[in-house]
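Chains as they are written, first to last, in my numbering: chain G, 1 to 283; chain Y, 1001 to 1669.
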């Protein structure tokens, strides 16, 4: 058995699926998970901010996310359809629509080493072209637009709408990131785009699945002497795995081992452990 | 949940399912990193992994069909593979040299950084100084049209080899008939190395059919409708492989047809064509080195020291040098240089230096420098393609027509027989010159001077100088046959052509019919040999000759008729309505097979009659002394066997005696 498709897993019991979903990393906080579930149903709850009867401004569509103090969401009370979609987005990754890309990207930036994130605002509107507005410690504003497949027309339209949005909100973005599952090759990544008085060169972040990964999604990854235990399905490349470990460990000499098929096969025999990577992480 | 920021180059060139559309191949770009696609040779644990540096070059030679090099382009990849599934390497340093680098920075070396397990980095270089690279093979193709109607004629001796090398050959097909063409192709290894996995591929255009390989067929020969591929395992230096291919073609249109390209591909194992050399590679991996310090049991403050170096990676590791200094870094305690005798350590192995003594009241500290590197292997490979341009088959077709102006002449009378023949070039190849041979039968004589011939083409009358006329036997005796041979534009060596494409040559001359006999049939068979230059824009006198015979086309013969005049004039008198009136009816009948012109008919009647009327114009004379009047009629033309009537009416003059007998008399003129 493997975790490639929801339909092909034999055990769809609540217990097993909840166990798997509980391994999704980084863990959702209560606030994050609330917005995620709202996005699933396209049904944002009314914000408590703003005066009664006043029309919501467009910036109010963007709500701060991930600032709720690290209290993790309770996943044991999910219904079957919620468990299914969580499995399909984060474990099997068989769902690759805009919503899936958006939340996988959000999970990714939580441990991305190049972004010193101060705040992240998520767009709660049902039809939107900007998904996140990230502010960094360096006071950079990063606009993120997520797509299942990035086409040239969409790319141009998003740039134009971002320019309008920035003008309306008196916002000066420093970077624009297009995140996508797939992209056409004709996206002009070297052409800069003017927003206000700032020239911005758009960035394309593709969901990267490394070929010949030294571990499988069904494997348990063990860092050093069980310092961390991670499910293989959380990481699509070695670099992705190393970034997460760097983010979540104390660094130093790191050895990563794998226990094959840990999440799909029960065995009474003593599990074999194989070395996947070893090296130094200096923090 | 990994994402990767991609740049424009990666977006355009990277393979993989993340990008939609065809990737563009880019050369000359530096350093591309990706996972190794090649099968891993060693497992990650328990066996030795290796660093492989693969220098591969891809070159494409292009040659003109005459064997001269047209272009050479290519690029090379230096791919550094980390084959280990668990160990990284770092501080990777590569140095290489070669004439292919305009920027000699490469000689200073390049730092390639960290290699993750089972990954590689690719360094691409373009081959820029291609003109200094030697040819590796010579490819020759000889094309022969086996059609028996094509003869080869060589007017002068010349070096066959120079002919092939320096002159472009005109390849010929005959229009409207099946041509069997033989392609002889040879590939010679002119390099000093063995060429491996040689594949010789000859392409054919769709016009060809019945492709065949002459020789013993093996299962490796691939014959399709438009190419034949012949594999050769190895070709040693100086060795030549020759193949003969046959193909049929039936040109239906007046258009050139491609001869078909030749492609030769082969590998050079452990060799690159350019002079790129990997001079140095070094990288670190997991190793441990420590100085073991043991205070001697019976000598306080005397320390027995040694350095231990352990290879903790799964690569072979090479120890280059060890230098141990005291803590002041001024005094060398141990210096080992392994450049003469390399110390190679397998995974897990350790190396221990000899002991050295050191005196220190406290625990001694040392400064040490250990120079080591993972071992590596260099492999070279070159994949060469040789493209030989194709040429064109031109199609040849000449239509010959002959006319004799006088289809019939009179027998036994000397007359001129105006003759002309036309050579019409309907092919795509100019006709260099012609040789016309006409058999002139006895009783006729050919013209004996070149000035008696007139030459015309689409531009009008030609003033040709290169004309030779030969009559055999060279006499004026009409009792025997003569052969007229006219040689036009072939004797003098010059590049001009006689009949261009879509043009014609018309030759006019007059034969003399001396004593033609109507009892004989005379034919004037004409043979035209059209000469086509075998070489393009060359003065070399080697030709394809195609012979057309006028007998096969349009029979030219002359009818000799025994032409003599035969005329009958009849006269008949009819009484008129009144007793004094008479109608005179004259018939003129041309009983011959020749046309009679200006026929004059004159009649007389007595002066006792006067003329009433006539059906054609007449002339009437006065009464002569004999008392008669002459009436004359003129007939312009009497066609062969035509009969015409002349009728006039007379009336007796009142009071005069009628002399009927005189009415009956007549004569013609």
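By construction, the Cβ of each residue, glycine as well, lies at the ideal position given by its N, Cα and C atoms. Note that the structure is a prediction, hence the values are computed from the model and not measured.
- In this structure, the CA atom of residue 142 of chain G is about 43 angstroms from the CA atom of residue 1056 of chain Y.
- Among the residues facing chain G, residue 1001 of chain Y is included, as its CB has a counterpart in that chain under 8 angstroms away.
- The Cβ neighbour count for residue 1072 of chain Y, taken over all protein chains shown within 10 Å, is at least 16; the residue is labelled buried.
- Cβ contact annotation for residue 255 of chain G (same chain, cutoff 6 angstroms, sequence separation greater than five): 224 and 278, in chain order.
- If only uninterrupted beta strand (DSSP E) runs of at least 3 residues are considered, those enclosed by the region 1406 to 1478 of chain Y are 1408 to 1410, 1415 to 1425, 1433 to 1440, 1454 to 1457, 1460 to 1462 and 1467 to 1472.
- Around residue 20 of chain G, the same chain offers 87, 91 and 263 as residues with beta carbons nearer than 7 angstroms, after the five sequence neighbours per side are excluded.
- Within the same chain, 1056 come within 6 angstroms of residue 1381 of chain Y by CB-CB distance, once the 5 residues on both sides are set aside.
- One alpha carbon belongs to residue 1594 of chain Y, the other to residue 1650 of chain Y, and they sit about 34 angstroms apart.
- Closer than 8 angstroms to the CB of residue 1501 of chain Y there is not a single CB belonging to chain G.
- Excluding residues up to 5 positions away in sequence, 101, 146, 147, 148, 149, 150, 204, 205, 206 and 207 lie with their Cβ nearer than 8 angstroms to the Cβ of residue 180 of chain G in the same chain.
- The beta carbon of residue 27 of chain G sits no closer than 8 angstroms to any beta carbon of chain Y.
- Taking the Cβ atoms as the reference, residue 1511 of chain Y lies roughly 4 angstroms from residue 1417 of chain Y, within the contact range of under 8 angstroms.
- Among the residues of chain G, none has a CB under 7 angstroms from the CB of residue 1054 of chain Y; the nearest is roughly 18 angstroms distant.
- Counting only the Cα atoms, residue 154 of chain G lies some 23 angstroms from residue 94 of chain G.
- Within the region 195 to 219 of chain G, those residues whose Cβ lies closer than 7 angstroms to any Cβ of chain Y are, in chain order, 203, 204, 205, 206, 207, 208, 210, 211, 212 and 214.
- The beta carbon of residue 1172 of chain Y sits closer than 8 angstroms to the beta carbons of 1145, 1150, 1393, 1394, 1395, 1396, 1429, 1532 and 1544 from its chain, once the five residues preceding and following it are set aside; these are given in chain order.
- Separation of residue 1390 of chain Y and residue 1183 of chain Y (C-alpha to C-alpha, rounded to the nearest whole angstrom) is 12 angstroms.
- Scanning its chain for C-beta atoms nearer than 6 angstroms, with the 5 sequence neighbours on each side dropped, one finds around residue 209 of chain G the residues 236, in chain order.
- By the CB criterion at 8 angstroms, residue 1325 of chain Y and residue 1366 of chain Y fall inside the cutoff.
- Below the 8 angstroms Cβ cutoff, chain G contributes 184, 185 and 186 as neighbours of residue 1021 of chain Y, in chain order.
- The residues 1053 and 1278, in chain order, have a CB closer than 6 angstroms to that of residue 1378 of chain Y in the same chain once the five nearest residues on each side in sequence are set aside.
- Taking residue 28 of chain G as the centre and dropping the five residues before and after it, the same chain places the C-beta of 73 closer than 6 angstroms to its C-beta, in chain order.
- Between residue 1467 of chain Y and residue 1487 of chain Y, the CB-CB gap stays under 8 angstroms.
- Proximity to residue 1074 of chain Y across Y/1547, Y/1062, Y/1568 and Y/1656 peaks at Y/1062, based on C-alpha coordinates.
- If you check the CB distance, residue 1245 of chain Y and residue 1198 of chain Y do not come in under 8 angstroms.
- For residue 1212 of chain Y, no alpha helix (DSSP H) segment is defined; the enclosing uninterrupted segment is the beta strand (DSSP E) at 1208 to 1214.
- One finds 1088 in chain Y with Cβ atoms closer than 7 angstroms to the Cβ of residue 279 of chain G, taken in chain order.
- If you draw a straight line from the Cα of residue 164 of chain G to the Cα of residue 130 of chain G, it is about 12 angstroms long.
- Spatial neighbours of residue 272 of chain G in its own chain (CB-CB distance under 8 angstroms, excluding positions within 5 residues in sequence) are listed in chain order as 259 and 260.
- Taking 8 angstroms as the threshold, the shortest C-beta distance from residue 1077 of chain Y to chain G does not fall below it.
- The distance from the Cβ of residue 1066 of chain Y to that of residue 1168 of chain Y is about 6 angstroms, consistent with a contact at the 8 angstroms cut-off.
- The beta carbon of residue 104 of chain G sits closer than 8 angstroms to some beta carbon of chain Y.
- With contacts defined as CB atoms closer than 8 angstroms, residue 1423 of chain Y and residue 1504 of chain Y qualify as a contacting pair.
- Chain G has no Cβ within less than 8 angstroms of the Cβ of residue 1121 of chain Y.
- Annotation: residue 1642 of chain Y to residue 1439 of chain Y spans about 38 angstroms, alpha carbon to alpha carbon.
- Closer than 8 angstroms to the CB of residue 2 of chain G there is not a single CB belonging to chain Y.
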